[in-house]
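Residue numbers (our numbering): 1 to 639. Even glycine gets a Cβ: it sits at the ideal position worked out from N, Cα and C. Note that this is a predicted model, so its numbers are computed, not measured. Heads up, the thing below is written out as structure tokens.
This is how it looks when you write it as structure tokens:
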């Protein structure tokens, strides 16, 4: 069954409909209901300049996916083959007003839609429990002479239509609550993708039962966050990584805060919210700006928003539905509110959001959504004037196209590769440099958490403990995919190997029997606790292996050039070499009536003697004739 959310608000929408009608009338040039003159046909528009943007889907007000950089490719006509697969969302021209933002995708051409891989996470907080599942996020765009349109579809990880943002519930919700408290939400439905998640029955700490879609368009971008190989939203969505590392085990305002990183940079954000904005058939319109204090950089566009918060007053919600405490709906229209009164019973509920009429620039973006309860999929549509004339909006007008993206589209992930990368690269993610607590042989709270590939790349740029890691967008997504399936994260101990005595050691001087150490190219590696390690000191021309040093080898077993031990802590091991000594034999023969000596010593003989000197040794031989005799001549190598 498919539920349309936009028509739900139209019921009794005697306050909201005039705002929409006025908006349409103004765009069409109508002077009022008595003016029957048909609106003029808009002048055909030129193709807008291609633009970068980012898409993010969040569930239950947190845990985003798909926050990567995409290219919006405007064109006159869609290719016969439809959309490609290079992080490009095509936006072909369509007949004027041929798409209606009503949550029904029937007026979109499927071939022109782009599908990206993502991880939708359904529970809160992100870093505390495993809850992410892979999903496909489908996005499409189109334009006409006046408007720009977007379509976003995805499968909700918990198959939950989250539309009860902090809804007030009275009494015990199963955890000893008293009075009015925000709705407790467990985040999954039977048969959903993450039904088997470790937190299937976990209570959401944030009580934020709401799904969202973000579209972010750079307006000014001196940081090049939106560039051919940029991070897109990840550069702004977790802008405080350097100060408050999100690879910790809590999620808070400091971590989730969004702002640009340079004082001149701004971005236009369209935010659809299933509970707060969708009942008004509007997506919120915000400008993301710089924050020198690290606080949120969101500045709402001018005008009234689509909602107000129904806060507690004297221990009760300030407003309630005119029908009384028996009302169980999720939408509370401003025209249907009255001051709270009565004696609540256990289980009574009142929406924490009051829907009102948005206006001015805050009402620029028309939206419509539908929820398919069978497939657990959302369909969300957006419509906005291409050129609003507002300084706080991105304008989609002719100009210079941005360059094609160099970041390849992630169409699949390799969890095996992700596991190996994580194991070797995460030395700065826990252990002495991390905040994880070691329980047995696993990190109960690792610093690298279940996250997106783009956020991992952002962390590498900003978190000192992760500096020096060099991975691609694809391998970052592989790591992220691996992390989604981990209930616990194995502690890893770093083994550092050192080669001593060799001026320029060749590749493979010291190796480990299992993959990992291949020094001098890879001299340190992370291994699981208790791993049986055998290090081999291999032959180096001109040198002789002289021994191992280090606690592990001293306590383990050494057989020739091999050292074996169990790794139960971080260790440093040194393989020592000495230059190989090559000796040559010097033989001296004399005739009668004299002798020969050498410097350095070793030769003192008559008639014959032999000794050895090291390679390249400087040897001086001295002939000592007997009395009455003299040296006649040298022969052999002295000639």
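Check, Outcome
"Assigned secondary structure, residue 634 (DSSP; H/G/I helix, E/B strand, else coil)", "coil"
"For residue 216, the three-state DSSP class (helix, strand or coil)", "strand"
"Contact check, residue 568 vs residue 496, beta carbons under 8 Å", "no"
"The segment 214-233 touching the segment 265-284, judged by at least three CB pairs closer than 8 Å", "yes"
"DSSP state of residue 419 mapped onto helix, strand, coil", "helix"
"Residues of its chain near residue 297, where Cβ-Cβ distance is below 7 Å and the 5 sequence neighbours each way are ignored", "258, 259, 260, 288, 289, 290, 291"
"DSSP state of residue 63 mapped onto helix, strand, coil", "At residue 63 the pLDDT is 48, less than 50, meaning the model places this residue with poor confidence and gives no usable figure here."
"Distance between beta carbons of residue 144 and residue 95, contact taken as under 8 Å", "7 Å"
"Secondary structure of residue 606, DSSP reduced to three states", "coil"
"For residue 390, the nearest candidate out of 601, 286, 403, 327 (CA to CA)", "286"
"4-residue-minimum alpha helix (DSSP H) runs that sit fully inside the segment 313-389, ordered along the chain", "none"
"C-beta atoms of residue 355 and residue 404 nearer than 8 Å", "no"
"Terminal residues of the alpha helix (DSSP H) in which residue 552 lies", "551-555"
"Spatially closest choice to residue 309 from 588, 236, 164, 139, by CA coordinates", "164"
"DSSP bridge partner residues for residue 526 (one or two, in chain order)", "494"
"Spatially closest choice to residue 501 from 477, 541, 513, by CA coordinates", "541"
"Beta-carbon spacing of residue 369, residue 303 below 8 Å", "no"
"Local conformation of residue 103 per DSSP, three classes", "coil"
"Supposed contact pair residue 89 and residue 213 - C-beta distance, whole angstroms, cut 8 Å", "Between residue 89 and residue 213 the Cβ distance is about 14 Å, and since that is not below 8 Å, they are no contact."
"Buried/exposed call for residue 320, threshold 16 Cβ in 10 Å", "buried"
"Buried or exposed (CB count within 10 angstroms, at least 16 for buried), residue 470", "exposed"
"Extent of the continuous alpha helix (DSSP H) to which residue 236 belongs", "233-237"
"Check whether residue 617 and residue 596 have beta carbons under 8 Å apart", "no"
"Beta-carbon proximity check, residue 223 vs residue 262, cutoff 8 Å", "yes"
"Best match in 397, 236, 277, 575 for proximity to residue 75 [C-alpha to C-alpha]", "397"
"Proximal residues to residue 626 (C-beta, below 6 Å), its chain only, five neighbours per side dropped", "593, 594"
"Reduced DSSP category for residue 112 - H, G, I as helix; E, B as strand; rest coil", "helix"
"Counted within 10 angstroms of its Cβ, other Cβ atoms place residue 307 as buried (16 or more) or exposed", "buried"
"Distance between residue 525 and residue 432 (C-alpha atoms, nearest Å)", "Note that residue 432 has pLDDT 39, beneath the 50 cutoff, so the model's placement of it is unreliable and the number below is only indicative. Roughly 15 Å separates the two Cα atoms."
"Length of the line joining the Cα atoms of residue 494 and residue 420", "14 Å"
"Residue 657 classed as buried or exposed, judged by whether at least 16 other C-beta atoms fall within 10 angstroms", "In the structure as shown, the chain begins at 1 and stops at 639. Residue 657 is therefore absent and cannot be evaluated."
"Integer Cβ distance of residue 377 from residue 155, believed to fall under 8 Å", "5 Å"
"Residue from 301, 350, 311 whose Cα sits closest to the Cα of residue 324", "350"
"Per DSSP, cross-strand counterpart(s) of residue 164", "209"
"Neighbour-count burial assignment, residue 657, 16 or more Cβ in a 10 Å radius", "Nothing about residue 657 can be read from this structure; the chain reaches only from 1 to 639."
"Boundaries of the beta strand (DSSP E) in which residue 536 is found, first to last residue", "531-537"
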